[in-house]
Amino acid sequence: MKVLIIGGGGREHAIAWKLAQSPKAGKIWCAPGNGGISEVAECVPVKATDLTGVLEFCKKNNPDLVVVAPDDPLMLGMVDMLQENGFRAFGPKKNAALIEGSKAFAKELMQKYDIPTAGYEVFDDQGEAFAYIKKNGAPIVVKADGLALGKGVTVAMTEEEAENAVKAAMEDGVFGSAGKKVVIEEYLTGPEVSVLCFTDGETLRLMPSAQDHKRAFDGDKGPNTGGMGAFSPSVNYTKEIEAQCMERIFLPTIRAMKAENRPFQGVLYFGLMLTSSGPKVIEYNARFGDPETQAVLTRMKSDLLDAMNAVVDGTLKDADISFSDDASCCVVMASGGYPVKYETGFPIGGISDARKTGAVIFHAGTKLEDGVYKTSGGRVLGVTATGKTAREAAEKAYEAVGGIRFDRMHYRRDIG
Ligand code: AMP
Ligand code: GLY
1 MKVLIIGGGG
11 REHAIAWKLA
21 QSPKAGKIWC
31 APGNGGISEV
41 AECVPVKATD
51 LTGVLEFCKK
61 NNPDLVVVAP
71 DDPLMLGMVD
81 MLQENGFRAF
91 GPKKNAALIE
101 GSKAFAKELM
111 QKYDIPTAGY
121 EVFDDQGEAF
131 AYIKKNGAPI
141 VVKADGLALG
151 KGVTVAMTEE
161 EAENAVKAAM
171 EDGVFGSAGK
181 KVVIEEYLTG
191 PEVSVLCFTD
201 GETLRLMPSA
211 QDHKRAFDGD
221 KGPNTGGMGA
231 FSPSVNYTKE
241 IEAQCMERIF
251 LPTIRAMKAE
261 NRPFQGVLYF
271 GLMLTSSGPK
281 VIEYNARFGD
291 PETQAVLTRM
301 KSDLLDAMNA
311 VVDGTLKDAD
321 ISFSDDASCC
331 VVMASGGYPV
341 KYETGFPIGG
351 ISDARKTGAV
361 IFHAGTKLED
371 GVYKTSGGRV
381 LGVTATGKTA
391 REAAEKAYEA
401 VGGIRFDRMH
411 YRRDIG
């Protein structure tokens, strides 16, 4: 099968790496891809959000499957467009991707179908939002309704901070139209865990749990980032909690989407908080998470292409999907200054030696220039290793990290 992957980060490298291991995979393209992805796929210079460009490419090259990995093209309706033109596409249609694209939609869905989540209200009027903050007090959480590059959430420890977040979104427009509406919700506490599943709209098949590290610095300090590392499985997510989630969250969500005439096909990501009153949904994503994917797919034993085909064909119930009992750990190596201000273009050394440790080096922001990998983004590499235990996986990942060098590199030392 010829496969086109849309996207160009660490997540897409992990997807390409895993698909390339399938005996059924033939040619693999990635649009736009990155330096590392070019080792396993042909990178094509089409942007992930360029719907016309992707359609033109498909008409010319006839891929048998298009995997739409990032949120933006999903929300732009890339899967709808591809299917309308007769191409098989992996990922939810626009009306189902809304579960990530609008937090107000997701909250209303959970309320209607009694899926546990933080108490909330939705506002499109700043005065009313302020009054709600006054009434409920801090800590309180303010979320821009739409996609905001992972920056739309403020966990406010004071009322003033919450008001500033509302003002930034609604009056100053820092998130553009994504911030015209805000969700204000109850502050929850507890360990966080990410659970991804494949679903064809009827059946869901879980992947192992993972834990992301969002803050830039050790000890969960510093600004929020796209993710500085992940490990799998999460120690807090027991079989018992999984059973509760299945019954109260996972299956009800799939059924709710079907009942709303928005059947969800693709990967659905549950961002959960394990509170003292049970697991609650913090967010949904309509896609594989980054960097959770790097940690989870390195544990996948079965064929990813088979799983994706089963999702698209609606035959997930009978698909062979399995994961190893190993643990995994992905350490993100970033450009110094990320997520605020950073420089790129530095040569990266030591990758081939780092591989000798057995770690897999996924590229997030790199380009290949005259045979040399150079940094080209905030997150540069996702160094991922597996082991019998979490400790062994982390030690292996850090051994590989220790051999890699580029100017002003920055990584956390406490992943896993
Ligand atoms: P999100 O962008 O939705 O993943 O949110 C970013 C982070 O904000 C989450 O990973 C949580 O750590 C935190 N967060 C979101 N909602 C809440 C909440 N209701 N209570 C406490 N923390 C939250
Ligand atoms: N790691 C969180 C996300 O992909 O949104």
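Numbering (our numbering), first residue to last: 1 to 416.
Backbone N, C-alpha and C define an ideal beta-carbon position, used for all residues, glycine too.
Given the structure is predicted, the values throughout are model-derived calculations rather than measurements.
In the displayed model, D50 falls within coil according to three-state DSSP, outside both helix and strand. The straight-line gap separating the alpha-carbon atoms of K181 and A138 is approximately 20 angstroms. If you keep only unbroken beta strand (DSSP E) runs of at least 3 residues inside the region 189-262, you get 192-199, 204-206, 215-217, 221-224 and 229-232. Of N309, R355 and A148, the smallest CA-CA separation from A397 is found for R355. The residue among M81, A144, Q265 and A96 with its C-alpha nearest the C-alpha of A129 is A144.
Under the criterion of beta carbons closer than 8 angstroms, R262 and A96 qualify as touching, at roughly 4 angstroms. At a Cβ-Cβ threshold of 8 angstroms, Q244 and F231 do not count as neighbours.
Shown here, N285 sits in a strand according to DSSP, grouped into three states. Counted as a single uninterrupted DSSP element, the stretch harbouring A148 is not any beta strand (DSSP E), since DSSP gives it neither H nor E.
The beta carbon of T275 sits closer than 6 angstroms to those of L188 and G190, all from its chain and outside the five residues before and after it, given in chain order. The nearest non-hydrogen atom of the ligand AMP is 7 angstroms or more from the C-beta of G219. Just so you know, the alpha carbons of V340 and F217 end up roughly 13 angstroms apart. Judged by beta-carbon spacing, K367 lies within the 8 angstroms limit of G35, meaning their Cβ atoms are closer than that value. R11 places its beta carbon less than 8 angstroms from that of A69. C-alpha of L109 to C-alpha of K258: approximately 12 angstroms in a straight line. Going by DSSP, Y113 is part of no alpha helix (DSSP H) at all; its letter is neither H nor E. Residue range Q126 to N136 is occupied by the alpha helix (DSSP H) that includes G127, with no beta strand (DSSP E) assigned at that position. Take the alpha-carbon of G416 and the one of K103: they are about 29 angstroms apart. Ranking D50, L76 and Q83 by CA distance to the CA of P63 puts Q83 first. Under the three-state reduction of DSSP output, I37 falls in the helix class. Segment contact: the region 325-335 against the region 363-380, three or more CB-CB distances shorter than 8 angstroms; contact assigned.
In the three-state reduction of the DSSP assignment, V68 falls in the strand class.
R287 is the residue among R413, N309, R408 and R287 whose C-alpha sits nearest the C-alpha of K93.
Relative to the ligand GLY, the beta carbon of E369 is positioned no closer than 7 angstroms to any heavy atom. Within its own chain, the residues whose Cβ lies closer than 8 angstroms to the Cβ of P223, once the five positions on either side in sequence are excluded, are R215, A216, P339 and V340, listed in chain order.
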